[in-house]
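*Asks:* Quick one: structure below, then a few questions.
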Amino acid sequence: MAQLAERPAAATPYVGKTGDPCVMVIFGAAGDLTARLLLPALYNLARADLLPKEFAVLGVARAQMSDDDFRKRIREDVKQYCGECIDDSIWESFVRRFYYLPGNFNDDDLYPRVRDRLTQIDREHSTHENFFYYMATAPSYFGLIVEKLAAIGFMDQSNGHWRRVVIEKPFGHDLESAKILNQQLLKLADEKQIYRIDHYLGKETVQNIMAFRFANGIFEPIWNRRYIDHVQISVAETVGVEGRGSYFDHAGTLRDMVPNHIMQLISLTSMEPPISFDANAVRDEQAKILHAIQPLSNEEVLTRTVRGQYEEGIIGGQRVPAYRNEEDIPPDSRTETFVAMKLLIDNWRWADVPFYLRTGKRMPVRNTHIVIQFRRAPFVLFRDTSVEHLMPNQLVLHIQPEEGISLQFAAKVPGPVMRLGSVDMNFEYQQYFGKQPSTGYERLLHDCMIGDQTLFQRADMVEAGWSVVNPVLDLWKALPPRNFPNYPAGSWGPKEADELIERDGRCWRNFTE
Ligand code: BG6
């Protein structure tokens, strides 16, 4: 275990100012995202005393409910998804801020009702007409709802108040549709009002990539092609489609994970140091990297990408069905549940350093990590150990479920002869900072309230992410897979994914727990 410096006095992740007075309007308030993530995150913010004193929530959804029904439901959701007991000393004042309005997003008459209800809530809670609209809806409603809000004047900021809109993923289903949605939104609102969310940026360990790289003087000088051999990013999930079959079968793993979450991991790992932590300074550097990723030609899509779909198998001792036998999945589906790719970044820092990515459902363990593999020592002085047997140094950023950083290096094995072995130096978040109740959405919601867009996607970044995957989508569509299903649930994906990296004389690092 590494020796750690003095522990910070208060290890809370949300230290900071409370946001401006405001009302959060949740479109899709009766859905899964609201129950699992938004409500528990708001509750955690309330417990950390980071909600503005003048704050309220208006839930809008199709289900018929009164304010009281909604409040009862919130209690059940928070109890179920917070995983901790409700603190009665804050509950009453928390839940009193919630209101509900039933309605269909397609109905024109919903929006004047939203206006009236919001005006009344605003008066009651003195929220200064600051509103942020959270689109926890199906993607087909994103543009429509903002259009209707603009039509009743509720995107307008000319009176000194602010209006913000939070857009969930998926943001488009390819480059073209993402561009169309951006154009539609930017006609109705300024870029500064649009918060495109990617929940990976809410994860502490993802944000820590920047702290690790730029708050420490010792890593940046070796963070480049002279010292780094390659980078591996693995996002392994044990879950299948979990009741989301109809969405997932249209999307597939490439769309679902790569242009968004994996692009965040790549850009934070490889970007240049920003000149400040100003939202645009950070996002400019991320965008530059996304633009520098070499677009794949058709030939390269064939040789540098792998797709897979799981068949029946065993995970953690349990038999799980094949993808094609999951609920709402057609028995002849050709949708991929696994993707592996090799990408190159065309700039001075990273030229010729491969970035290998893989992500899949029904892998043997849930584990997201980034491996930075350094070049081997050029020459080995030690008898009995040849260069080939010396493990290269690997720095591993463990994103989840283990959260931490480890460095693998060579050490002398005790004994009379000089022999080398690989050892690990570990930093574990939880051991040092303790466990914080967090869904990953706390920081993002808090940032919306204080108007900080650093952790949100700008229009150009979303489009750049899609530009990377679009050639793959096109070629895969033109050449449907013939060998699906091609990996058993509970394995690390199809053998072609191993071949992809082994061809280059490298191998995946698999963590088994
Ligand atoms: C979502 C995808 O965006 O991310 C899901 O739609 C995926 O399919 C999930 O399971 C993974 O998120 P996390 O936080 O569990 O890694």
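The opening position of the sequence shown corresponds to residue 1013 in the working numbering, with each subsequent residue numbered one higher. Ideal placement from N, C-alpha and C gives every residue a C-beta, glycine not left out. Treat the numbers as computed from the prediction; the structure is a model and nothing was measured.
Indicate, with yes or no, if the ligand BG6 has a heavy atom lying under 8 angstroms from the CB of T1217.
*Replies:* As a position in the sequence shown, residue 1217 is number 205, starting the count at 1. Answer for T1217: no, Cβ out of range of the ligand BG6.
*Asks:* Find the nearest neighbour of P1483 within the set T1466, Q1385, G1505, P1307, judged by alpha-carbon distance.
*Replies:* As a first step, residue 1483 must be located in the sequence shown, where it is residue number 471. That would be P1307, whose Cα lies nearest to the Cα of P1483.
*Asks:* From which residue to which residue does the beta strand (DSSP E) around S1418 run?
*Replies:* Here the question's residue 1418 lines up with position 406 in the sequence shown. First-last of the beta strand (DSSP E) with S1418: 1416-1425.
*Asks:* Output the boundary residues of the alpha helix (DSSP H) element that contains T1217.
*Replies:* As a first step, residue 1217 is located in the sequence shown; it is residue number 205 there, counting from the start. Start and end: 1216-1226.
*Asks:* For the ligand BG6, is there any heavy atom lying closer than 8 angstroms to the beta carbon of E1338?
*Replies:* Translated into positions along the sequence shown, residue 1338 becomes position 326. No, the Cβ of E1338 stays beyond 8 angstroms of every heavy atom of the ligand BG6.
*Asks:* Have a look at D1099, Q1132, M1222, Y1153 and flag the residue whose alpha-carbon is nearest the alpha-carbon of D1119.
*Replies:* Counting from one through the sequence shown, the residue named residue 1119 turns up at place 107. When each option's Cα is compared against that of D1119, the closest is Y1153.
*Asks:* Is the segment 1201-1221 touching the segment 1450-1459 in the sense that three or more CB pairs, one from each, lie closer than 8 angstroms?
*Replies:* Flag = yes, the segment 1450-1459 and the segment 1201-1221 touch.
*Asks:* What does DSSP give as the partner residue(s) for H1242 in the beta ladder?
*Replies:* Counting from one through the sequence shown, the residue named residue 1242 turns up at place 230. For H1242, which the question treats as bridged, DSSP gives the partners Q1385.
*Asks:* Measure the alpha-carbon distance for H1137 versus S1258 and round it to whole angstroms.
*Replies:* Looking up residue 1137 in the sequence shown gives position 125. Looking up residue 1258 in the sequence shown gives position 246. Rounded to whole angstroms, H1137 to S1258 spans 40 angstroms at the Cα level.
*Asks:* Say whether the segment 1169-1186 touches the segment 1418-1437, bearing in mind that this needs 3 or more beta-carbon pairs closer than 8 angstroms, one atom from each stretch.
*Replies:* No: the two stretches stay apart, fewer than three of their Cβ pairs being nearer than 8 angstroms.
*Asks:* Among the residues of its own chain, which have a CB less than 6 angstroms from the CB of F1226, if the five just before and after it don't count?
*Replies:* Position 214 of the sequence shown holds residue 1226. Only P1285 meet the Cβ criterion.
*Asks:* Compute the distance between the beta-carbons of I1462 and K1065, then report whether it is under 9 angstroms.
*Replies:* As a position in the sequence shown, residue 1462 is number 450, starting the count at 1. As a position in the sequence shown, residue 1065 is number 53, starting the count at 1. Not closer than 9 angstroms, so no.
*Asks:* Specify the secondary structure class of S1105 as computed by DSSP and reduced to three states.
*Replies:* As a position in the sequence shown, residue 1105 is number 93, starting the count at 1. Looking at S1105 - three-state DSSP - the assignment turns out to be helix.
*Asks:* How about P1449 and R1059: do their beta carbons lie closer than 9 angstroms?
*Replies:* Counted from its first residue, the sequence shown places residue 1449 at position 437. Counted from its first residue, the sequence shown places residue 1059 at position 47. Cβ distance < 9 angstroms, so P1449 and R1059 count as in contact.
*Asks:* By DSSP, does V1072 sit in helix, in strand, or in coil?
*Replies:* As a first step, residue 1072 is located in the sequence shown; it is residue number 60 there, counting from the start. Three-state result, V1072: strand.
*Asks:* What span of residues does the beta strand (DSSP E) with H1410 cover, start to end?
*Replies:* As a first step, residue 1410 must be located in the sequence shown, where it is residue number 398. Looking at the DSSP string, the run of the beta strand (DSSP E) that includes H1410 is 1406-1412.
*Asks:* With H, G and I counted as helix, E and B as strand and the rest as coil, what does DSSP make of D1128?
*Replies:* In the sequence shown, the residue the question calls residue 1128 occupies position 116. The answer is helix: DSSP assigns D1128 an H, G or I state.
*Asks:* Between the C-alpha atoms of Q1195 and D1472, what's the straight-line distance to the nearest angstrom?
*Replies:* By 1-based counting over the sequence shown, the position of residue 1195 is 183. By 1-based counting over the sequence shown, the position of residue 1472 is 460. Straight-line Cα distance between these residues: approximately 11 angstroms.
*Asks:* Please state the DSSP three-state secondary structure of V1435.
*Replies:* For the purposes of this step, residue 1435 is taken as residue 423 along the sequence shown, with counting starting at 1. If DSSP states are grouped into helix, strand and coil, V1435 belongs with the strands.
*Asks:* Can you say whether G1320 is buried or exposed, counting buried as having 16 or more other CB atoms within 10 angstroms of its CB?
*Replies:* Numbered from its first residue, the sequence shown carries residue 1320 at position 308. Answer is buried; the Cβ neighbour count reaches 16.
*Asks:* Out of curiosity, what's the CA-to-CA distance linking V1069 and D1202?
*Replies:* The residue you call residue 1069 lines up with position 57 of the sequence shown. The residue you call residue 1202 lines up with position 190 of the sequence shown. Going by the C-alpha atoms only, they are around 23 angstroms apart.
*Asks:* Need the endpoints of the beta strand (DSSP E) that K1507 sits in, please.
*Replies:* Locating residue 1507 in the sequence shown gives position 495, counting from the first residue. From DSSP, K1507 is part of no beta strand (DSSP E) but of the alpha helix (DSSP H) over 1507-1514.
*Asks:* Sorry if obvious, but does the Cβ on G1452 come closer than 8 angstroms to a heavy atom of the ligand BG6?
*Replies:* To locate residue 1452, count along the sequence shown from 1; it is residue 440. True, at least one ligand heavy atom lies under 8 angstroms from that Cβ.
*Asks:* Going by other Cβ atoms of all chains shown within 10 Å of its Cβ, with 16 needed for buried, is H1262 buried or exposed?
*Replies:* Here the question's residue 1262 lines up with position 250 in the sequence shown. That one is exposed.
*Asks:* If you compare alpha carbons, which of E1312, L1512, G1502, R1238 is closest to L1487?
*Replies:* Here residue 1487 corresponds to residue number 475 of the sequence shown, with the count starting at 1. Taking only the C-alpha atoms, the option nearest L1487 is E1312.
*Asks:* I'd like to confirm something about Y1239: is its beta-carbon nearer than 8 angstroms to some heavy atom of the ligand BG6, or not?
*Replies:* As a position in the sequence shown, residue 1239 is number 227, starting the count at 1. Answer for Y1239: no, Cβ out of range of the ligand BG6.
*Asks:* For Y1239, count the other beta carbons within 10 Å of its own beta carbon; 16 or more makes it buried, fewer makes it exposed. Which is it?
*Replies:* The residue you call residue 1239 lines up with position 227 of the sequence shown. Classification of Y1239: exposed, given that the 10 Å Cβ count is below 16.
*Asks:* DSSP puts C1034 in a beta bridge; with which residues?
*Replies:* Reading the sequence shown from its first residue, position 22 is the one you call residue 1034. DSSP, once it has assigned bridges, lists F1067 as partnering C1034.
*Asks:* Check whether the segment 1431-1451 touches the segment 1244-1252, counting contact only when three or more Cβ pairs, one atom from each stretch, lie closer than 8 angstroms.
*Replies:* With the cut-off at 8 angstroms, the segment 1431-1451 and the segment 1244-1252 do not touch.
*Asks:* Express the C-alpha separation of D1436 and A1150 in angstroms, rounding to a whole number.
*Replies:* As a working note, residue 1150 is residue 138 in the sequence shown. As a working note, residue 1436 is residue 424 in the sequence shown. If I take the Cα positions, the gap works out to 45 angstroms.
*Asks:* Give every residue of the same chain whose Cβ lies closer than 6 angstroms to the Cβ of R1336, excluding the five residues on either side of it in the sequence, and list them in chain order.
*Replies:* Residue mapping note: residue 1336 aligns to position 324 of the sequence shown, counting from 1. Excluding residues within five positions, the ones whose Cβ falls inside 6 angstroms are P1343, S1345.
*Asks:* Have a look at L1540 and Y1093 and give me their C-alpha separation to the nearest angstrom.
*Replies:* Residue 1540 lies beyond the range of the chain shown here (1013 to 1525); nothing can be said about it.
*Asks:* Please give me, in chain order, every unbroken run of the alpha helix (DSSP H) with length at least 4 that falls completely inside the segment 1333-1394.
*Replies:* With a minimum length of 4 residues, no continuous alpha helix (DSSP H) run stays inside the segment 1333-1394.
*Asks:* Can you list, in chain order, the residues of its chain whose CB lies under 8 angstroms from that of D1081, leaving out five sequence neighbours each side?
*Replies:* Reading the sequence shown from its first residue, position 69 is the one you call residue 1081. Contacts found: Y1112.
*Asks:* So is the beta-carbon of H1273 under 8 angstroms away from any non-hydrogen atom of the ligand BG6?
*Replies:* Counting from one through the sequence shown, the residue named residue 1273 turns up at place 261. Result yes, Cβ under 8 angstroms from the ligand BG6.
*Asks:* M1269 and F1144: beta carbons closer than 9 angstroms?
*Replies:* To locate residue 1269, count along the sequence shown from 1; it is residue 257. To locate residue 1144, count along the sequence shown from 1; it is residue 132. No, the Cβ-Cβ distance between M1269 and F1144 is not below 9 angstroms.
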